[in-house]
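Here's the structure we're looking at; comments come further down.
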Amino acid sequence: MSTGLTAVRQALLDGPADVGPAEVSRAVRRSAGLRPDGALLDLDRQARAEMLGAGPTLQPLLDDPAVSDVVVNGDGSVWVDRGGGLTLQPGRLRETRALATRLAAAAGQRLDDAAPIAEGRLPDGTRLHAMLPPLCAEGAAISLRTMRTRAFDPTELQASGMLGSRGAQVLERLIQVRANVLVSGATGAGKTTLVASALSLVAPGERIICIEEAAELVPAHPHVVHLQVRRPNVQGAGEVTLPDLVRTAMRMRPDRIVLGECRGAEVRDVLGALNTGHDGGWATIHANTARDVPARLIALGALAGMPPGAVAVQARSAIHAVLHLVRRQGRRMLAEVAVLRPDGAEDVACDLALTLGPDGDLIEASAWPGLARTLDSGEPR
Numbered sequence: 001m002s003t004g005l006t007a008v009r010q011a012l013l014d015g016p017a018d019v020g021p022a023e024v025s026r027a028v029r030r031s032a033g034l035r036p037d038g039a040l041l042d043l044d045r046q047a048r049a050e051m052l053g054a055g056p057t058l059q060p061l062l063d064d065p066a067v068s069d070v071v072v073n074g075d076g077s078v079w080v081d082r083g084g085g086l087t088l089q090p091g092r093l094r095e096t097r098a099l100a101t102r103l104a105a106a107a108g109q110r111l112d113d114a115a116p117i118a119e120g121r122l123p124d125g126t127r128l129h130a131m132l133p134p135l136c137a138e139g140a141a142i143s144l145r146t147m148r149t150r151a152f153d154p155t156e157l158q159a160s161g162m163l164g165s166r167g168a169q170v171l172e173r174l175i176q177v178r179a180n181v182l183v184s185g186a187t188g189a190g191k192t193t194l195v196a197s198a199l200s201l202v203a204p205g206e207r208i209i210c211i212e213e214a215a216e217l218v219p220a221h222p223h224v225v226h227l228q229v230r231r232p233n234v235q236g237a238g239e240v241t242l243p244d245l246v247r248t249a250m251r252m253r254p255d256r257i258v259l260g261e262c263r264g265a266e267v268r269d270v271l272g273a274l275n276t277g278h279d280g281g282w283a284t285i286h287a288n289t290a291r292d293v294p295a296r297l298i299a300l301g302a303l304a305g306m307p308p309g310a311v312a313v314q315a316r317s318a319i320h321a322v323l324h325l326v327r328r329q330g331r332r333m334l335a336e337v338a339v340l341r342p343d344g345a346e347d348v349a350c351d352l353a354l355t356l357g358p359d360g361d362l363i364e365a366s367a368w369p370g371l372a373r374t375l376d377s378g379e380p381r
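In our numbering, the protein residues as written are 1 to 381.
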């Protein structure tokens, strides 16, 4: 750390307990001595990044609107994703453990040998995951995902290549007919981006309840309520889980219930909500292809104590369409649109209605006539 930053840190330690941008700037002026205006401004930026943000190396990357993810490995290497995959940044960070513990503290989380994993959100909304050795053998590992300040509209998704013209039309129609939609894909495939864009098409008079572990959905809509889980305190009390929030959301007069990620026992409550007249809901799920979604739902249902037959019956009644996203050569794309159908009395299968064509847009597959009737009728079923 430079001498200037060390002096600023000491000035802050000697000042009030609460530290914000104004306090940092005052500490810079008190400790900087005689410096040219340009050097003073540079020190102020560095100090704000160091004391309030992710540090002078990482904070400028997080402030870049093109950046979605920043990861730091134990050897100090920094990798950045600007939409084309992770690329290595020049230089290396020192003292990654100290940085990880400071970021965890900024997110209100504990990170030490007794609690070597921390997840949380930084004051600017950046999502943090940090891990210490020996769980991460090379050294402290840090993963940061930036917070979108606004949703992309479907036109922007078309320009980026995520949607073709047909994909954009299907997305808009799914919103209009109030279909319940499950968006699948791998981590970083763009599931949250697509859901936020779709919700921006919802009529302004509707009330959207978004349920997430950490608020990431930022639809351009005037009436959105964000519900977030709460982790237990050090005594193990005070936890509020995703299933708790799903049940709460149903009592909040929702027009649409949206689950940021379905990955556990909350699948029982989500399927229950979508089967009780709460149409127009959206959720995301991790799956390799659209056809793998039924098996994934059954696996999650098992975590909630649901037999496979119960999951299958509820899923094929509740979910009207599956949108599957892929990431190829650094480009996120809507690759499949599918529908669920019964497969025997107590099973469910997923049939493709649209698949990715050679021109990057969607082309019809075997289940398209049935989905087309749904979209044309104005009713989900």
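By construction, the Cβ of each residue, glycine as well, lies at the ideal position given by its N, Cα and C atoms.
Residue range 154 to 160 is occupied by the alpha helix (DSSP H) that includes T155. Straight-line measurement puts the Cα of V322 at about 10 Å from the Cα of A179.
For G344, the three-state secondary structure derived from DSSP is coil.
In chain order, L271, P294, L297, L340, V348 place their CB closer than 8 Å to the CB of A315, counting only its own chain and leaving out the 5 sequence neighbours on each side. In the DSSP secondary-structure assignment, G120 is bridged to L128.
About 20 Å separates the beta carbons of T126 and V195, which is beyond the 8 Å limit, so they are not a contact pair.
With a contact defined as Cβ atoms closer than 8 Å, G185 and H324 qualify at about 6 Å. Non-local beta-carbon contacts of A304 in its own chain, meaning distances under 7 Å to residues more than five positions away in sequence, involve A265, V267, R268 in chain order. Between the C-alpha atoms of N233 and A114 there is a straight-line separation of about 15 Å.
Note that the C-beta distance between L356 and A365 is not below 8 Å. Bounds of the alpha helix (DSSP H) holding T248 are 242 to 249.
Here R230 carries a strand assignment [DSSP, helix/strand/coil].
Within the DSSP secondary-structure output, C350 pairs in a beta bridge with L340. Between M333 and the set G260, R373, G188, the nearest pair of CA atoms involves G188. Sixteen is the threshold: when 16 or more other Cβ atoms of the shown chains lie within 10 Å of the Cβ of L217, as they do, the residue is buried.
A312 is the residue among A312, V326, A367 whose C-alpha sits nearest the C-alpha of D343. Look at D113 here: in three-state DSSP terms it is coil, with no helix or strand label. Residue pairing by DSSP places D81 opposite D69, L86 in a beta bridge.
The beta-carbon separation of T96 and I142, rounded to 7 Å, stays under the 8 Å limit for a contact. In the three-state reduction of the DSSP assignment, V293 falls in the helix class. Straight across, the Cα-Cα distance linking R92 with G55 is about 13 Å. T284 carries a strand assignment under DSSP once its states are collapsed to helix, strand and coil.
Contact annotation: W282 and L199 have beta-carbon atoms nearer than 8 Å. A contact between stretches requires three or more CB pairs, one per stretch, nearer than 8 Å, and the region 59 to 76 meets this requirement with the region 146 to 159.
A check of alpha carbon separations from H223 across Q176, D255, D244 identifies D255 as the nearest. Take the alpha-carbon of G370 and the one of N73: they are about 48 Å apart. E266 sits in a helix when the DSSP states are folded into three classes. For the 8 Å CB-CB criterion, L227 and L201 do not form a contact. DSSP places R102 within a helical segment (H, G or I) once states are collapsed to three.
Taking all protein chains shown into account, P219 has 16 or more neighbouring C-beta atoms within 10 Å of its C-beta and is therefore buried. Residue pairing from DSSP leaves E216 without any beta-bridge partner. Excluding sequence positions up to five before and after W368, its CB lies within less than 8 Å of the CB of A353, L354, all in the same chain and listed in chain order. Of the candidates V183, L242, M250, the residue whose Cα lies closest to the Cα of I208 is M250. Secondary structure of I319 (DSSP, three-state): coil.
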